[in-house]
Amino acid sequence: MSTQRQDATASEDTDEMDIDSAEPSVPPPRPPADPSTDCLAIVLRDSPDWLAYIRALQETDVVILLTPVVTPISQDPADITDPFEPFGRALARRHARIRHVPYTSRNGITSTHLGFIKRGHVIILCFAVSPDRPLRNEVADMTFAISDNKPCIVVVSCSPMDTDVPDRFPTVIQTDGYSPPTLETTAALIFGENLQSQVGRFGEYSGANPLQPGVWPVEQWNEARDISRVLDLWTTCVSSQFAMDQQTFATLLRRPGYAKHYVTRQAVVRGSGSGDILGFCATYLSYADQAGERLIASVAFLFVRSAHRQRGIGLSLHSHAISQLKKTRGVVRLQLGSTFPRILYGPPLDIPLNEAWFRRRGWQVNRDVSGQGRIVQDLLLSFPDWRYKEDPFPPTTPSFRPCTQADMPQVLEIVEMTCLEQAKMGWFDQYMSLMNGPNVKDVVLGFADNAMVATALTYTPSCGSQISSNLPWAGQIGSDVGGVTCICVHPSRRDLILGGLLDACVENLHNQGMKKMFIDGIGEEANALLKLGFRKWAQYRDVWKDT
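According to my numbering, the sequence shown is numbered sequentially starting from 840.
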């Protein structure tokens, strides 16, 4: 490894430490855990998910490291080393193209720095803060102004870690000084590594502050080993209405090629087996539309045991999951909750939600806007409560019947149009799965003026279609509960058709022995359906963001 460095005050043309390495970009060997030390680096916030971006860098991407010229820790007048040089080298062991450019307190960001910032793909801006050396806001302001919205990670080194960092920095890491071990830990934190050396600090056998947040090891789950423990975690974190048996739970999580799930564990004594699961994150990929090229990436749920919250477990799981999902080609949307399988549409209203925590991760969860927290509901109808009455004088008489194989091409056209116009992600796949199969009759069609204008997909717990395994709650409520989902109605015919379409679905399910009907993910139409006899079963926040 060759390095070049010149002081920022000596020359504005060669003010760079070029830390390229011919060796593979791999983490350094892990130091042994020291349970007597406190956490050395924590993420204060990462609202735009820039840490996930840096963890998925291309090999050719350039990272610009801007560090202050400060006094060496040794306080030795003969020591002229740069205290932040170990940070540059630690980053270079993880990504080859690091450009280390120091800046001075006197000159701040100069034209030399400007040139590097413009050529970089990610900026890491460091501050060393002390009582006699306050945080230089003007340095940050200049860096952000010329970075052209590139990911910019602010690292604030101070001891003790109590600096009030301005809220306008979207991604901030705070470190306990700038010693070599601290900077090594910070580099590992930035790249989302499973710091085994951190486990001793937060696990059962640590002597450190048990509430100090930090980086936790994240590993992919093992169904055979973990299913019962994950189900136990699920049961303790959700309300009783979301309880389910282990077989159903395992079936929902088991989606080969389309699902990856992650766990964090309690630290254990070596050789004593795997530790208890403290946190779990379920993620899925599903196709957004007919083309099969755009994907929805879902964080279906993320739970941490109540006794172990506020220690960095949720952040470690979230950061790892998002970084893995973003590596997948074709992802156009990230979602809290899931499409299909739909375990939870989004964060349930009856589960306390740390809105500030999610907002720091870049999720808006409390606005009455689609994707930013708008309320959607699952509704349940007992057939004796059904209050639909036909319009005695309709402008045209609608009709309804079950679908046939011959209808499917036109059905798919209507579904595709609905998906495009109303951003109904994943619906096309649910209909497509019925093509050339025995369950095509489960689709109910609506006609007006002899033209197909509406479709709805019904299912029962024992129908055998893909949709019944993707939407578990009707069957969990009872064996006599059917469901209707993915309702597509031409906008100009909604008032004419919707009530009659649901009435046809009720009749379809009643003829199969069902006594209730479950309908999922209802937004603006909820009040109208409540007047028809439905009641609320669950409420969620609709939370997603386009990539």
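From the three backbone atoms N, C-alpha and C, an ideal C-beta is built for every residue, glycine too.
Can you tell me whether DSSP reads residue i as helix, strand or coil?
{"i": "Trp-1196", "result": "helix"}
{"i": "Gly-1042", "result": "Below a pLDDT of 50, predicted positions are generally treated as unreliable, and Gly-1042, at 30, falls in that range; no measurement from the model is reported."}
{"i": "Tyr-1379", "result": "strand"}
{"i": "Ser-1272", "result": "coil"}
{"i": "Ser-969", "result": "strand"}
{"i": "Arg-1012", "result": "The sequence shown places Ile at residue 1012, not Arg. If DSSP states are grouped into helix, strand and coil, Ile-1012 belongs with the strands."}
{"i": "Leu-1034", "result": "Its pLDDT being 45, under 50, Leu-1034 is placed unreliably in this model, and the value from its coordinates should be taken loosely. Leu-1034 falls in the coil class under three-state DSSP."}
{"i": "Val-1143", "result": "strand"}
{"i": "Met-981", "result": "helix"}
{"i": "Ala-935", "result": "coil"}
{"i": "Asp-1189", "result": "coil"}
{"i": "Asp-1359", "result": "strand"}
{"i": "Val-1279", "result": "helix"}
{"i": "Ser-864", "result": "The predicted model places Ser-864 with a pLDDT of 32, which falls under 50 and marks its position as unreliable; any figure quoted below should be read in that light. Ser-864 falls in the coil class under three-state DSSP."}
{"i": "Phe-1232", "result": "coil"}
{"i": "Asp-1385", "result": "strand"}
{"i": "Pro-1330", "result": "helix"}
{"i": "Leu-1368", "result": "helix"}
{"i": "Gln-1244", "result": "helix"}
Locate the alpha helix (DSSP H) running through residue i, then write down its first and last residues.
{"i": "Ile-1316", "result": "1312-1316"}
{"i": "Gly-1153", "result": "1152-1165"}
{"i": "Cys-1344", "result": "1333-1349"}
{"i": "Leu-1091", "result": "1085-1092"}
{"i": "Gln-1387", "result": "No information on residue 1387 is available, as it lies outside the stretch 840 to 1386 that the chain covers here."}
{"i": "Tyr-892", "result": "889-893"}
{"i": "Gln-1305", "result": "1305-1309"}
{"i": "His-952", "result": "950-958"}
{"i": "Ile-1066", "result": "1062-1076"}
{"i": "Gly-927", "result": "924-931"}
{"i": "Pro-1019", "result": "1019-1029"}
{"i": "Leu-883", "result": "From DSSP, Leu-883 is part of no alpha helix (DSSP H) but of the beta strand (DSSP E) over 880-885."}
Report, in whole angstroms, the separation of the C-beta atoms of residue i and residue j, which I expect to be a contact under 8 Å.
{"i": "Ala-1365", "j": "Pro-1187", "result": "At roughly 15 Å, the Cβ-Cβ gap does not stay under 8 Å, so Ala-1365 and Pro-1187 are not in contact."}
{"i": "Pro-925", "j": "Leu-1022", "result": "5 Å"}
{"i": "Asn-1278", "j": "Ser-1304", "result": "4 Å"}
{"i": "Ala-967", "j": "Ser-996", "result": "5 Å"}
{"i": "Ile-948", "j": "Ile-992", "result": "Rounded, the Cβ-Cβ distance is 16 Å, inconsistent with contact."}
{"i": "His-934", "j": "Leu-896", "result": "6 Å"}
{"i": "Leu-1219", "j": "Phe-1357", "result": "6 Å"}
{"i": "Val-1382", "j": "Leu-1175", "result": "4 Å"}
{"i": "Leu-1070", "j": "Gln-1085", "result": "5 Å"}
{"i": "Thr-1297", "j": "Gly-1314", "result": "At roughly 13 Å, the Cβ-Cβ gap does not stay under 8 Å, so Thr-1297 and Gly-1314 are not in contact."}
Quick check on the burial criterion: 16 or more other C-beta atoms within 10 angstroms. Buried or exposed for residue i?
{"i": "Ser-1079", "result": "exposed"}
{"i": "Lys-1166", "result": "exposed"}
{"i": "Arg-1240", "result": "exposed"}
{"i": "Asp-1334", "result": "exposed"}
{"i": "Arg-1104", "result": "buried"}
{"i": "Ala-931", "result": "buried"}
{"i": "Ala-1130", "result": "exposed"}
{"i": "Asn-1309", "result": "buried"}
{"i": "Tyr-1270", "result": "buried"}
{"i": "Val-1208", "result": "exposed"}
{"i": "Arg-1380", "result": "buried"}
{"i": "Arg-1374", "result": "exposed"}
{"i": "Gly-1317", "result": "exposed"}
{"i": "Gln-1216", "result": "buried"}
{"i": "Glu-898", "result": "exposed"}
{"i": "Lys-1355", "result": "buried"}
{"i": "Gly-1339", "result": "buried"}
{"i": "Gly-1151", "result": "buried"}
{"i": "Pro-1300", "result": "buried"}
For chain D, find out if any of its Cβ atoms is closer than 7 Å to the Cβ of residue i; answer yes or no.
{"i": "Val-961", "result": "Absent from the structure: chain D. Only one protein chain is present."}
Let's see if you can read the secondary structure: which residues bound the beta strand (DSSP E) around residue i?
{"i": "Gln-1216", "result": "1211-1221"}
{"i": "Pro-1241", "result": "1238-1241"}
{"i": "Gln-1130", "result": "Correcting the residue type first, residue 1130 is Ala in the shown sequence and not Gln. From DSSP, Ala-1130 is part of no beta strand (DSSP E); its letter is neither H nor E."}
{"i": "Phe-1286", "result": "1282-1287"}
{"i": "Ser-996", "result": "991-997"}
{"i": "Lys-1354", "result": "Premise fails: Lys-1354 is in no beta strand (DSSP E) and is neither H nor E."}
Restricting to Cα atoms, I'd like to know which of the options is closest to residue i.
{"i": "Met-1256", "options": "Ala-1293, Leu-883, Phe-1286", "result": "Ala-1293"}
{"i": "Arg-884", "options": "Ile-1316, Ile-1012, Gln-1086, Arg-1181", "result": "Ile-1012"}
{"i": "Tyr-1123", "options": "Pro-1330, Thr-951, Phe-1179", "result": "Phe-1179"}
{"i": "Cys-1327", "options": "Ala-1343, Trp-1266, Cys-965", "result": "Trp-1266"}
{"i": "Arg-894", "options": "His-1157, Asp-1189, Gly-1185", "result": "His-1157"}
{"i": "Arg-975", "options": "Phe-923, His-952, Gly-1031, Pro-907", "result": "Pro-907"}
{"i": "Asn-1347", "options": "Ile-1358, Asp-1281, Gly-1360, Gly-1362", "result": "Asp-1281"}
{"i": "Gln-1261", "options": "Leu-1273, Glu-1363, Ala-1313", "result": "Glu-1363"}
{"i": "Val-978", "options": "Ile-919, Thr-1297, Leu-905", "result": "Leu-905"}
{"i": "Gln-1163", "options": "Thr-1235, Glu-1032, Trp-1073, Ser-1177", "result": "Glu-1032"}
{"i": "Thr-1074", "options": "Arg-1332, Arg-1172, Leu-1251, Phe-1140", "result": "Phe-1140"}
{"i": "His-960", "options": "Val-940, Asn-946, Arg-972, Lys-989", "result": "Lys-989"}
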